[in-house]
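S.K.:
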Amino acid sequence: MTMNKTRKFKSVALAIAGVILMPSCATQSQANARPAESSPESWEIKSVQHGKASWYSIKTNRGTKTASGQRLCNRGATAAHKTLPMGTKVRVINLANGKSEVVTINDRGPYIHGRVIDVTIGVAERLGFVSRGVIPVKVEVLAKPEPQPE
Numbered sequence: 037m038t039m040n041k042t043r044k045f046k047s048v049a050l051a052i053a054g055v056i057l058m059p060s061c062a063t064q065s066q067a068n069a070r071p072a073e074s075s076p077e078s079w080e081i082k083s084v085q086h087g088k089a090s091w092y093s094i095k096t097n098r099g100t101k102t103a104s105g106q107r108l109c110n111r112g113a114t115a116a117h118k119t120l121p122m123g124t125k126v127r128v129i130n131l132a133n134g135k136s137e138v139v140t141i142n143d144r145g146p147y148i149h150g151r152v153i154d155v156t157i158g159v160a161e162r163l164g165f166v167s168r169g170v171i172p173v174k175v176e177v178l179a180k181p182e183p184q185p186e
């Protein structure tokens, strides 16, 4: 009888913890839905970089602190770059399979020669390179299109 109550208590505790932690991983784009014309997919390409990408996670980063002050979320569409301003949107393209994802720069790094960007493990999964660890990529720095005068 006591075992059953303990199991129920653990289940309730886990459910509450999940509800509390889940919103911390929500990205700004999900929280603030915007019209299609301002989505990063329709933005202009400001510049292009080629190099290698690697991934990092809360475990490999030794915690959730990022250079921007935002919490690192393993599933988030964020990345680290050495010089791009915080909040910059970039499209990362896996040159081995053509998959791409738009991410927001919110951290600094990578600090290994030849690497241009570190993405979260969630982005690496979606781009198909977690098992490889490092891949050749094309990074497109995105800018909002200029409004056209009427």
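Residue numbers for the sequence shown, in the working numbering: 37 to 186. For glycine and all other residues, C-beta sits at the position ideal for the given N, C-alpha and C.
How about ARG151 and LYS95: do their beta carbons lie closer than 8 Å?
M.R.: Within the sequence shown, the letter at position 115 stands for residue 151. Within the sequence shown, the letter at position 59 stands for residue 95. No.
S.K.: Check whether the Cβ atoms of LEU178 and TRP79 sit closer than 8 Å, and answer yes or no.
M.R.: Stepping through the sequence shown from its first residue, residue 178 is reached at position 142. Stepping through the sequence shown from its first residue, residue 79 is reached at position 43. In contact: LEU178 and TRP79 (Cβ atoms closer than 8 Å).
S.K.: Which partner residues does GLU137 have in the DSSP bridge list?
M.R.: Residue 137 sits at position 101 when you count from the first residue of the sequence shown. Paired residues: VAL128.
S.K.: Excluding the 5 residues flanking TYR92 on each side, which residues of the same chain have their C-beta closer than 6 Å to its C-beta?
M.R.: Counting from one through the sequence shown, the residue named residue 92 turns up at place 56. Closer than 6 Å at Cβ, skipping near neighbours: ASP154.
S.K.: What distance in whole Å lies between the Cβ atoms of VAL173 and VAL139, which are believed to be in contact at a cut-off of 8 Å?
M.R.: In the sequence shown, residue 139 corresponds to position 103, counting from 1. In the sequence shown, residue 173 corresponds to position 137, counting from 1. Actually they do not touch by this definition, with Cβ atoms about 11 Å apart.
S.K.: Near ASN133, which residues of its chain fall below 6 Å by C-beta distance, leaving aside the five closest residues on each side in sequence?
M.R.: In the sequence shown, the residue the question calls residue 133 occupies position 97. GLY164, listed in sequence order.
S.K.: By DSSP, does GLY14 sit in helix, in strand, or in coil?
M.R.: In the structure as shown, the chain begins at 37 and stops at 186. Residue 14 is therefore absent and cannot be evaluated.
S.K.: Indicate the three-state DSSP secondary structure (helix, strand or coil) for SER78 in the structure shown.
M.R.: Walking along the sequence shown from the start, residue 78 turns up at place 42. SER78 falls in the helix class under three-state DSSP.
S.K.: Rounded to the nearest angstrom, what separates GLY99 and VAL84 at their Cα positions?
M.R.: On the sequence shown, residue 99 is found 63 positions in, with the first residue counted as 1. On the sequence shown, residue 84 is found 48 positions in, with the first residue counted as 1. Roughly 30 Å between the two C-alpha positions.
S.K.: Counting along the chain, where does the alpha helix (DSSP H) carrying SER159 start and finish?
M.R.: As a first step, residue 159 must be located in the sequence shown, where it is residue number 123. Looking at the sequence provided, one finds Val at residue 159 rather than Ser. Taken as a continuous stretch (DSSP letters only), the alpha helix (DSSP H) holding VAL159 covers 157-163.
S.K.: Under three-state DSSP, which class holds VAL173?
M.R.: As a position in the sequence shown, residue 173 is number 137, starting the count at 1. VAL173 falls in the strand class under three-state DSSP.
S.K.: Buried or exposed for GLN184, going by 16 or more other Cβ atoms inside 10 Å?
M.R.: Mapped onto the sequence shown, residue 184 falls at position 148. Label assigned to GLN184: exposed.
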